[in-house]
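Chains as they are written, first to last, in this note's numbering: chain A, 103 to 558; chain B, 0 to 102.
One structure below.
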Ligand code: SF4
Ligand code: SF4
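Pasting the structure below:
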């Protein structure tokens with residue numbers, strides 16, 4: 103890659119024309135890409151119990167994940183899930199290096215898809231380079247337009263699917279067809295589509311090199327036993343070209359024929375033979391390239407291979423080491439706690455808000471009254487009727503409007519509640535009063551909240 | 000390998016200036032990192048605060064639907080995080096009294 107310092111950003115990023123290579127790992131990656139893209143575009147359409155299976159319904163502030171219905175009040179579960187996801191990344195990085203980058207990172211997955219469309223429209227590496235150099239003519243315009251059309255269409259579909267995880271996708275689809283998409287929905291579809299287009303179409307490995315925090319955190323998670331892609335220096339060196347059937351030993355050469363195939367296929371433009379470098383995204387393209395060269399030369403495969411620094415140094419690789427054990431233990435504990443919390447979760451919540459306008463009222467002679475707003479959140483899949491009681495103060499009574507609280511599945515009911523005590527029953531000042539909410543049909547479905555009762 | 004330090008070491012400026020200029024890279028990093036943090040902040044904030052309730056208690060001319068509220072919240076956070084990141088990068092780049100490199 104030649105120096106392009108000072109060139110406009112997008113032009114600079116287009117300068118790499120990595121050579122395409124077929125091989126075991128390329129096929130593995132394509133399989134991974136297909137599975138992940140299929141999941142992303144397909145899952146949004148999956149129905150479950152008559153509604154979208156996975157939907158973070160932002161307009162309604164309710165999250166559906168298959169059988170689970172979460173409310174913003176359950177944010178705890180979501181953040182817990184995010185922590186588990188982050189820790190898994192640590193764990194797998196310690197074990198398997200940048201396996202994530204090569205096969206599962208959205209940046210890789212969408213770049214692969216965009217590369218595929220580019221090849222479809224413009225041909226393979228050498229043909230593309232020629233096309234870019236060629237003057238503008240009918241053929242070039244046709245091919246460039248075809249590429250842009252494919253890219254933009256795919257990017258918009260990606261944006262549409264993305265928004266479809268946040269507002270019901272079927273309604274969204276209907277709105278698109280009838281051209282009645284709302285302003286913000288249109289905006290987010292275009293925004294996300296544009297981000298995809300820029301990142302996967304133009305930025306590509308620049309994202310990995312300059313913008314990815316994970317790539318930088320790695321050094322903290324790596325050690326000499328982590329799986330990396332490396333060139334077997336002791337076997338390859340001294341490198342040098344040779345005739346096909348020459349005996350390398352007689353010529354004093356190692357197994358590397360210095361064909362630079364591994365450099366030509368590298369999407370980040372590095373030479374893996376210089377050792378593990380920060381830019382390497384572990385895409386394994388160089389493994390595929392070198393293996394095909396080794397096959398042609400009738401040398402054993404694996405001059406470049408997945409290995410560890412210890413293995414390369416001739417030291418045994420330890421899989422179970424303190425770092426892995428610590429990450430693993432934490433991860434297991436977090437997952438166990440999460441599952442436990444999820445299954446023992448009471449699908450009911452009571453929020454109490456004191457009437458801000460009046461501390462207390464003496465509306466009825468002989469009684470002191472406090473007024474509250476109760477929010478009863480039924481997080482269950484069934485509708486329920488609830489009874490509410492108060493306790494904690496002498497002579498305390500409660501009146502609600504309406505008297506019986508009925509809440510549909512996944513809905514929130516807001517009701518007014520008056521708590522009163524007889525004059526002189528409690529001392530002046532604030533007192534704790536306990537509200538207990540109990541479903542009439544399910545004995546276990548109950549919750550208790552405490553609030554303040556103010557007396558003059 | 001060893002002379003190069005541990006894998007994952009950030010590249011120094013010279014090493015990678017071959018494809019993007021430093022200023023472009025700084026802008027990218029500022030934009031992207033502030034975007035990530037703004038996204039997290041938006042999630043956290045709106046997990047506790049309903050945009051409709053927020054519109055009720057403020058005098059600002061906030062939109063009356065939730066999607067608009069989320070969007071404005073997100074861009075508000077992005078503006079703040081980007082401003083902070085930009086200032087940080089600017090101060091680091093000019094810390095020796097040199098003007099920022101214009102390459
Ligand atoms: S592809 Fe293999 S043989 Fe060719 S230069 Fe790279 S390491 Fe050497
Ligand atoms: S050196 Fe290049 S081709 Fe090889 S795995 Fe790393 S990024 Fe991929």
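For each residue, glycine too, the CB sits at the ideal point set by N, CA and C.
Going along the chain, which residues of its own chain have a beta-carbon closer than 8 Å to the beta-carbon of residue 469 of chain A, five neighbours each way excluded?
On the first chain, residue 469 of chain A is found 367 positions in, with the first residue counted as 1. Excluding sequence neighbours, residue 469 of chain A sits near 522, 523, 524, 525.
The region 47-76 of chain B: positions lying closer than 8 Å to chain A by Cβ
47, 49, 64, 65, 66, 67, 69, 70
Continuous alpha helix (DSSP H) assignments of at least 4 residues falling wholly in the region 17-100 of chain B
Positions of the alpha helix (DSSP H) runs, each at least 4 residues long and wholly inside the region 17-100 of chain B, are given as 21-47, 50-56, 65-92 in order along the chain.
Grouping DSSP H, G and I as helix and E and B as strand, with all else coil, what is residue 329 of chain A?
Stepping through the first chain from its first residue, residue 329 of chain A is reached at position 227. Strand, per DSSP.
How far does the alpha helix (DSSP H) with residue 337 of chain A in it extend, from its first residue to its last?
In the first chain, counting from the first residue as 1, residue 337 of chain A sits at position 235. Segment 335-338, the alpha helix (DSSP H) holding residue 337 of chain A.
Give me the DSSP bridge partner(s) of residue 501 of chain A.
Taking the first residue of the first chain as 1, we reach residue 501 of chain A at position 399. DSSP output for residue 501 of chain A lists A/520 as bridge partner(s).
Taking a contact to mean a Cβ-Cβ separation below 9 Å, would you say residue 269 of chain A touches residue 160 of chain A in this structure?
The residue labelled residue 269 of chain A in the question sits at position 167 within the first chain. The residue labelled residue 160 of chain A in the question sits at position 58 within the first chain. Against a cut-off of 9 Å, the Cβ pair of residue 160 of chain A and residue 269 of chain A comes out as a contact.
Does residue 284 of chain A have its Cβ less than 9 Å from a Cβ in chain B?
The sequence position of residue 284 of chain A within the first chain is 182, counting from 1. Yes, its Cβ sits closer than 9 Å to a Cβ of chain B.
Name the residue from A/439, A/520, A/465 whose alpha carbon lies nearest to the alpha carbon of residue 456 of chain A.
What you label residue 456 of chain A is simply residue 354 of the first chain in a count that begins at 1. Minimum Cα distance to residue 456 of chain A is reached at A/520.
Suppose the cutoff is 7 Å on Cβ atoms and the five residues either side in sequence are ignored; what does the same chain contact list for residue 267 of chain A look like?
In the first chain, the residue the question calls residue 267 of chain A occupies position 165. Non-local C-beta neighbours of residue 267 of chain A in its own chain, meaning closer than 7 Å and more than five positions away in sequence, comprise 146, 156, 157, 158, ordered along the chain.
Confirm, please, whether the CB-CB distance from residue 496 of chain A to residue 535 of chain A is below 9 Å.
By one-based count along the first chain, residue 535 of chain A stands at place 433. By one-based count along the first chain, residue 496 of chain A stands at place 394. Their beta carbons are not under 9 Å apart, which means residue 535 of chain A does not touch residue 496 of chain A by this criterion.
Per DSSP, cross-strand counterpart(s) of residue 65 of chain A:
This structure cannot settle anything about residue 65 of chain A, because the visible part of chain A is limited to 103 through 558.
Which same chain residues, not among the five before or five after residue 462 of chain A, have their C-beta less than 7 Å away from its C-beta?
Within the first chain, the letter at position 360 stands for residue 462 of chain A. Excluding residues within five positions, the ones whose Cβ falls inside 7 Å are 470, 471, 472, 556, 557, 558.
Could you tell me the alpha carbon to alpha carbon distance between residue 392 of chain A and residue 122 of chain A, rounded to whole angstroms?
Reading the first chain from its first residue, position 290 is the one you call residue 392 of chain A. Reading the first chain from its first residue, position 20 is the one you call residue 122 of chain A. Taking the straight line from one Cα to the other gives about 13 Å.
Short of 6 Å in beta carbon distance, which residues of its chain neighbour residue 334 of chain A, apart from the five on each side in sequence? Order them along the chain.
By 1-based counting over the first chain, the position of residue 334 of chain A is 232. The answer, listed in chain order, is 405.
With respect to the alpha helix (DSSP H) encompassing residue 129 of chain A, which residues constitute its N-terminal and C-terminal limits?
In the first chain, the residue the question calls residue 129 of chain A occupies position 27. Note, residue 129 of chain A: alpha helix (DSSP H), 126-145.
Here's the rule: buried if 16 or more other CB atoms are within 10 angstroms of the residue's CB, otherwise exposed. What is residue 449 of chain A?
Within the first chain, numbered from 1, the residue matching residue 449 of chain A stands at position 347. By the 10 Å Cβ count, residue 449 of chain A comes out buried.
Could you confirm whether any beta carbon from chain B is found closer than 9 Å to the beta carbon of residue 269 of chain A?
One-based indexing of the first chain puts residue 269 of chain A at position 167. Answer yes: the Cβ-Cβ gap between residue 269 of chain A and chain B drops below 9 Å somewhere.
Checking 9 Å against the spacing of the C-beta atoms, do residue 291 of chain A and residue 256 of chain A come in under that value?
Within the first chain, the letter at position 189 stands for residue 291 of chain A. Within the first chain, the letter at position 154 stands for residue 256 of chain A. Not closer than 9 Å, so no.
If we call anything under 9 Å between Cβ atoms a contact, is residue 543 of chain A one with residue 512 of chain A?
What you label residue 543 of chain A is simply residue 441 of the first chain in a count that begins at 1. What you label residue 512 of chain A is simply residue 410 of the first chain in a count that begins at 1. For the pair residue 543 of chain A and residue 512 of chain A, the CB atoms are not nearer than the 9 Å cut-off.
Can you give the Cα-Cα distance for residue 553 of chain A and residue 302 of chain A, rounded to whole angstroms?
The sequence position of residue 553 of chain A within the first chain is 451, counting from 1. The sequence position of residue 302 of chain A within the first chain is 200, counting from 1. Using only the alpha carbons, I get a separation of about 53 Å.
Strictly below 8 Å CB to CB, what residues from chain B border residue 289 of chain A?
As a position in the first chain, residue 289 of chain A is number 187, starting the count at 1. Residues of chain B passing the Cβ test: 70.
Proximal residues to residue 447 of chain A (C-beta, below 6 Å), its chain only, five neighbours per side dropped
Taking the first chain and counting its residues from 1, the one referred to as residue 447 of chain A is at position 345. Excluding sequence neighbours, residue 447 of chain A sits near nothing in its chain.
Look at the alpha carbon of residue 287 of chain A and the alpha carbon of residue 57 of chain B, and state the distance between them as a whole number of angstroms.
Here residue 287 of chain A refers to the residue found at position 185 when the first chain is read from its first residue. Here residue 57 of chain B refers to the residue found at position 58 when the second chain is read from its first residue. Taking the straight line joining both Cα atoms gives about 25 Å.
Does residue 28 of chain B have its Cβ less than 9 Å from a Cβ in chain A?
Taking the first residue of the second chain as position 1, residue 28 of chain B is located at position 29. Residue 28 of chain B counts as touching chain A.
Buried or exposed: residue 458 of chain A, going by 16 or more other Cβ atoms within 10 Å of its Cβ?
Here residue 458 of chain A is taken as the residue at index 356 of the first chain, counted from 1. Looking at its Cβ environment, which holds fewer than 16 other Cβ atoms inside 10 Å, residue 458 of chain A is exposed.
Inter-residue spacing [alpha-carbon to alpha-carbon] between residue 541 of chain A and residue 479 of chain A
Against the first chain, residue 541 of chain A aligns to sequence position 439. Against the first chain, residue 479 of chain A aligns to sequence position 377. Cα to Cα, residue 541 of chain A sits roughly 12 Å from residue 479 of chain A.
Give the single residue among A/193, A/129, A/253 whose Cα lies nearest to the Cα of residue 219 of chain A.
One-based indexing of the first chain puts residue 219 of chain A at position 117. Between residue 219 of chain A and the set A/193, A/129, A/253, the nearest pair of CA atoms involves A/253.
For residue 380 of chain A, which option in A/142, A/170, A/199, A/169 has the closest C-alpha, if you only look at C-alpha atoms?
On the first chain, position 278 is the one that residue 380 of chain A refers to. Taking only the C-alpha atoms, the option nearest residue 380 of chain A is A/199.
I'd like to confirm the pairing. Which residues does DSSP put opposite residue 153 of chain A in its beta bridges?
Within the first chain, residue 153 of chain A is the residue found at index 51, counting from 1. Beta-bridge partners of residue 153 of chain A (DSSP): A/150.
Verify whether the separation of the beta carbon atoms of residue 518 of chain A and residue 502 of chain A is less than 9 Å.
Mapped onto the first chain, residue 518 of chain A falls at position 416. Mapped onto the first chain, residue 502 of chain A falls at position 400. Yes, the Cβ-Cβ distance between residue 518 of chain A and residue 502 of chain A is below 9 Å.
Have a look at A/408, A/180, A/142 and flag the residue whose alpha-carbon is nearest the alpha-carbon of residue 207 of chain A.
Here residue 207 of chain A refers to the residue found at position 105 when the first chain is read from its first residue. Closest option to residue 207 of chain A, Cα to Cα, is A/142.
Nearest by alpha-carbon distance to residue 454 of chain A: which of A/408, A/396, A/423, A/514 is it?
Residue mapping note: residue 454 of chain A aligns to position 352 of the first chain, counting from 1. The option with the nearest alpha carbon to residue 454 of chain A is A/514.
List the DSSP bridge partners of residue 475 of chain A.
Looking up residue 475 of chain A in the first chain gives position 373. Its beta-bridge partners are A/455, A/518.
Assuming residue 329 of chain A and residue 410 of chain A make a contact with CB atoms under 8 Å, what is their CB distance in whole Å?
As a position in the first chain, residue 329 of chain A is number 227, starting the count at 1. As a position in the first chain, residue 410 of chain A is number 308, starting the count at 1. The Cβ separation is near 6 Å, so the contact holds.
Pick from A/149, A/551, A/204: whose alpha carbon is nearest that of residue 368 of chain A?
Here residue 368 of chain A refers to the residue found at position 266 when the first chain is read from its first residue. When each option's Cα is compared against that of residue 368 of chain A, the closest is A/204.
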